[in-house]
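Here the sequence shown is numbered in this note's numbering, starting from -7 and rising by one per residue. Glycine included, C-beta positions come from ideal geometry on N, C-alpha and C. Only a predicted model underlies this, so the values are computations on that prediction, with no experimental measurement involved. Report on the structure given below.
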Amino acid sequence: MKDLGKFVIGAILVLIAIGIGLALLKAMVALLIPVAILAVIGYVLYNLFGGKSLGGGGNGRLP
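Below is the structure:
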């Protein structure tokens, strides 16, 4: 009977650990997707403006 109790407790702990792991994974993905989208938008804009959008571009419009 003791072994059954240990097994049940172990199974519950494993389920809790899996739940925490999935929650962390979901949080990381939820943070990663907007950051990736912003990075892609920034990269596209950077290339659209001839790679000069950073540092003023040297075209005299930005200080």
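Task: Nonlocal neighbours in the same chain, by C-beta distance under 6 Å from alanine 19, ignoring five residues either side - done: If we look at alanine 19 and ignore the five residues flanking it on each side, it has no Cβ neighbours.
- [ ] Give the secondary structure of methionine 20 by DSSP, where H, G and I count as helix, E and B as strand, and everything else as coil.
- [x] Methionine 20 falls in the helix class under three-state DSSP.
- [ ] State yes or no: is the C-beta of valine 21 nearer than 7 Å to some heavy atom of the ligand ADP?
- [x] In terms of ligand content, the structure shown is empty, and the ligand ADP therefore cannot be addressed.
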